[in-house]
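Trainee: My structure is below; once you've seen it, I'll send some questions.
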Amino acid sequence: MEVIYTGLRQSPEDIVEAAIQEDVDAIGLSCLSGAHMTLFPEVVKLLKKRKSGDILVAGGGIIPEEDIPKLKKAGIKVVFGPGTPLREIVAFFETAGKGA
Amino acid sequence: MPARKGTAARPRDPVPGLVDSLLKGDKRAAGKLISLIEDDEPEATEALARIHPHTGRAHVVGFTGPPGVGKSSLINRLVRTLRGRAKKVGVVAVDPTSPYTGGAVLGDRIRMADTGVDPGVFIRSMATRGHAGGLALATFDAVRVLDALGMDLVLVETVGAGQSEVEIATRAHSTVVVEMPMTGDAVQTMKAGILEIGDVYVVNKVDLGNADVLVVKFQLEARDGWTPPIIRTAAIEGRGIDELADALMRHATFLDETGLRKQREIARARLEILENAQRLLARQVEAGSAFGKDFERMAEDVASRRLDPNAAARKLLPTSSRKPL
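Protein sequences appear in the order of chains A and B.
Here the first sequence is numbered in this note's numbering, starting from 1 and rising by one per residue.
Here the second sequence is numbered in this note's numbering, starting from 1 and rising by one per residue.
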């Protein structure tokens, strides 16, 4: 597995642009500021606009339980809250990469 | 080596459509085509064949030098300066693959975030995937894709492993060797390679002082009528970047005016033909191929000393070249 780390404080536009240039299978977003309800769906929206809706989007960070269904409805495939075992996250991306 | 992306999982677009989109400047097509080539998918050969006639316009600049001298930061600043001069710029940044897991963390983008969504910039990260020499096998095919995308310059950042990084100089039009003060001693810079491959030398992080020592080391005599300039930079502050851009433009003009560009292109073509021949030959004798069984028999004959390896190799070549070498 190859992971491209883009650094902190990237705008949704930056993230989508990088994902397209790198032709990634999946994007992992982390947000601790509370802006996830705006920023995560924006990434999904921009991907669709760039005809790249097939790229999987996963989220994580400080995200209240009640926001998770809304995020999933907005196209975020999975949300990992604080304390999620690393093993679980790795397993998710491994199967995602194989399209299983 | 495990593939970076499970491209098989996602629907693949037909190659002709992708190449048409690429030639119209579609970045998504460029990204997908590079993946096809990098993952050595069956369509890669067709893709490269279709792209080839549309390449040869971009000026390719290689950057080499030890890890930590600031190659990524330098490229980041240079991209901005070149954009200011209305040049479209592609970047291929190579990082090492772990020999233990086959995975890689590619971090060059962190230092190249300044150009973000600029439509005239395309940055692609690439892992070495076991290839030695500071480059990935697909690096220069990715350069070709960015050339066909319409980039005026393509900057290639090598791994920066140190002393075996001369491959870049055989592929790029201009090679930039980046060093910084306070590393190593005079002997490091005298080792074979470093002083022989640079068309431009950069002493980065001059703010750390002591740059003069390196500058003296790099003072070289002209080769083929070109004296490699030595540029002092402080990439984070943006110092010396204009001078570096000027030096690269001067070198590009020099290559054109002296006919050296053509010579370098031909030298590179020779290498690439031989590499492709080697790859094709290897594929021809794979298990299960038409020659697979013959090849296995030859291997047994060589192992049991009935045949020598050179004679066996000649049997693989076209009849005309089978005479002993």
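Note that beta-carbon positions come from the ideal geometry of N, C-alpha and C, so glycine has one too.
1) With contact counted as at least three CB pairs below 8 Å, one residue from each stretch, are the segment 112 to 131 of chain B and the segment 88 to 100 of chain B in contact?
2) DSSP on A277/B, reduced to helix/strand/coil?
3) CB-CB under 6 Å to H131/B, same chain, minus the five flanking residues each way: which ones, in chain order?
4) So, with DSSP's three-state summary, where would you put S52/A?
5) Kindly list the residues whose CB is nearer than 7 Å to the CB of M151/B, restricted to its own chain and excluding five residues on each side of it in sequence; keep chain order.
6) Got a sec: is the Cβ-Cβ distance from E2/A to anything in chain B below 8 Å?
7) With C-beta atoms as the reference, is E237/B less than 8 Å away from D212/B?
8) For K45/A, decide whether its Cβ has a neighbour in chain B, counting only Cβ atoms nearer than 8 Å.
9) Helix, strand or coil, according to DSSP, for V92/B in the structure here?
10) Taking 8 Å as the CB-CB cut-off, is I63/A touching chain B?
11) Taking 8 Å as the CB-CB cut-off, is L18/B touching chain A?
12) Note down, in chain order, every chain A residue with its Cβ under 7 Å from the Cβ of G107/B.
13) Between T64/B and T158/B, how many whole angstroms is the CB-CB distance? I'm expecting something under 8 Å.
14) Which of the three DSSP states is assigned to V166/B in this structure?
15) Smallest Cα separation from I15/A: which of F93/A, G34/A, L56/A?
16) Tell me which residues share the same chain as R50/B and place their Cβ nearer than 6 Å to its Cβ, disregarding the 5 neighbours each side in the sequence.
17) Closest by CA to R83/B, which one among I168/B, G120/B, P16/B?
18) Can you tell me the Cα-Cα spacing of V285/B and A169/B, whole angstroms?
19) Does DSSP classify R12/B as helix, strand or coil?
20) Across the segment 243 to 250 of chain B and the segment 221 to 232 of chain B, are there enough close Cβ pairs to call them in contact, namely three or more that are closer than 8 Å?
21) Say the cut is 7 Å; is the CB of P181/B nearer than that to a heavy atom of the ligand SAM?
22) Is it the case that the segment 96 to 104 of chain B contacts the segment 142 to 149 of chain B, given that we only count it when at least three CB pairs across the two stretches are under 8 Å?
23) Where are the beta strand (DSSP E) runs, 3 residues long or more, that stay fully inside the segment 23 to 93 of chain B, in chain order?
24) How would you list, in chain order, the residues of chain A whose beta-carbon sits under 8 Å from the beta-carbon of G31/B?
25) Give the straight-line distance between the Cα atoms of L33/B and D26/B, rounded to the nearest whole angstrom.
26) Less than 8 Å between CB atoms is the rule here; does S52/A satisfy it with respect to chain B?
27) By the 7 Å beta-carbon criterion, what residues does the segment 119 to 147 of chain B contribute toward chain A?
28) Return the CA-CA distance between D294/B and G70/B, expressed in angstroms with no decimal places.
29) If the cut is a Cβ gap below 8 Å, which residues of chain B does E13/A touch?
30) For my contact list, L135/B and V79/B are in at a C-beta cut-off of 8 Å; report their separation, rounded to the angstrom.
31) Could you confirm whether any beta carbon from chain A is found closer than 8 Å to the beta carbon of A58/B?
32) To the nearest angstrom, report how far apart A282/B and I110/B are at their CA atoms.
33) Report yes if the CB atom of T55/B is closer than 8 Å to the CB atom of A148/B, and no otherwise.
34) Residues of chain B with a CB under 7 Å from the CB of E17/A: which are they?
35) For V285/B, does the three-state DSSP call read helix, strand or coil?
36) Give me whichever residues DSSP pairs with Y5/A in a beta bridge.
Mentor: Well, looking at it:
1) yes
2) Within the second sequence, residue 277/B is the residue found at index 277, counting from 1. It is helical.
3) In the second sequence, counting from the first residue as 1, residue 131/B sits at position 131. The answer, listed in chain order, is L137.
4) Within the first sequence, residue 52/A is the residue found at index 52, counting from 1. Coil.
5) Within the second sequence, residue 151/B is the residue found at index 151, counting from 1. Cβ within range, chain order: A58, K88, V89, G90, F122.
6) On the first sequence, position 2 is the one that residue 2/A refers to. Chain B, which has a Cβ nearer than 8 Å to the Cβ of E2/A, makes this yes.
7) As a working mapping, residue 237/B is identified with position 237 in the second sequence. As a working mapping, residue 212/B is identified with position 212 in the second sequence. No, these two residues do not count as a Cβ contact at 8 Å.
8) On the first sequence, residue 45/A is found 45 positions in, with the first residue counted as 1. False, the Cβ-Cβ gap to chain B never drops below 8 Å.
9) Residue 92/B sits at position 92 when you count from the first residue of the second sequence. The answer is strand: DSSP assigns V92/B an E or B state.
10) The count along the first sequence starts at 1 and reaches residue 63/A at position 63. Taking Cβ atoms only, chain B never reaches closer than 8 Å to I63/A, which makes this a no.
11) Against the second sequence, residue 18/B aligns to sequence position 18. So, not an interface residue.
12) Sequence index remark: in the second sequence, residue 107/B carries index 107 (1-based). Result: Y5.
13) Start at 1 with the first residue of the second sequence, and residue 64/B comes out as number 64. Start at 1 with the first residue of the second sequence, and residue 158/B comes out as number 158. Going by Cβ atoms, the distance from T64/B to T158/B rounds to 5 Å, so yes, they are a contact pair.
14) Position 166 of the second sequence holds residue 166/B. Of the three classes helix, strand and coil, the one that applies to V166/B here is coil, per DSSP.
15) Counting from 1 along the first sequence, the entry for residue 15/A is found at position 15. Closest option to I15/A, Cα to Cα, is L56/A.
16) Mapped onto the second sequence, residue 50/B falls at position 50. Once the five neighbours on either side are set aside, the close Cβ partners of R50/B are V19.
17) Along the second sequence, one-based indexing puts residue 83/B at 83. Checked all of I168/B, G120/B, P16/B; the closest Cα to R83/B is G120/B.
18) Sequence index remark: in the second sequence, residue 285/B carries index 285 (1-based). Sequence index remark: in the second sequence, residue 169/B carries index 169 (1-based). Computed Cα separation, rounded: 32 Å.
19) Position 12 of the second sequence, counting from 1, holds the residue named residue 12/B. R12/B: coil per DSSP, three-state reduction.
20) For the pair of segments examined, the segment 243 to 250 of chain B was found to touch the segment 221 to 232 of chain B: the number of CB pairs separated by less than 8 Å reaches three.
21) Inclusion of the ligand SAM in the displayed structure is not the case, the ligand content being empty and no account of it being possible.
22) no
23) 59 to 64
24) Against the second sequence, residue 31/B aligns to sequence position 31. For a Cβ distance threshold of 8 Å, residue set I20, Q21, E22, D23 of chain A lies close to G31/B, ordered along the chain.
25) Here residue 33/B is taken as the residue at index 33 of the second sequence, counted from 1. Here residue 26/B is taken as the residue at index 26 of the second sequence, counted from 1. L33/B and D26/B: Cα-Cα distance of roughly 11 Å.
26) Here residue 52/A corresponds to residue number 52 of the first sequence, with the count starting at 1. Interface residue, yes.
27) F122, I123, R124, S125, A127
28) On the second sequence, position 294 is the one that residue 294/B refers to. On the second sequence, position 70 is the one that residue 70/B refers to. Approximately 51 Å, taken between the alpha carbons.
29) Residue mapping note: residue 13/A aligns to position 13 of the first sequence, counting from 1. Within chain B, the residues near E13/A are G116, V117.
30) Taking the second sequence and counting its residues from 1, the one referred to as residue 135/B is at position 135. Taking the second sequence and counting its residues from 1, the one referred to as residue 79/B is at position 79. Your pair L135/B and V79/B does not check out as a contact, with CB atoms roughly 20 Å apart and the cut at 8 Å.
31) Along the second sequence, one-based indexing puts residue 58/B at 58. It does not; no Cβ of chain A falls within 8 Å.
32) In the second sequence, residue 282/B corresponds to position 282, counting from 1. In the second sequence, residue 110/B corresponds to position 110, counting from 1. Computed Cα separation, rounded: 38 Å.
33) For the purposes of this step, residue 55/B is taken as the residue at position 55 of the second sequence. For the purposes of this step, residue 148/B is taken as the residue at position 148 of the second sequence. A contact, by the Cβ cut-off of 8 Å.
34) Sequence index remark: in the first sequence, residue 17/A carries index 17 (1-based). Those are G116, V117, listed as they occur along chain B.
35) Residue numbering aside, residue 285/B sits at position 285 when the second sequence is read from its first letter. Coil, per DSSP.
36) Sequence index remark: in the first sequence, residue 5/A carries index 5 (1-based). DSSP, once it has assigned bridges, lists no residue as partnering Y5/A.
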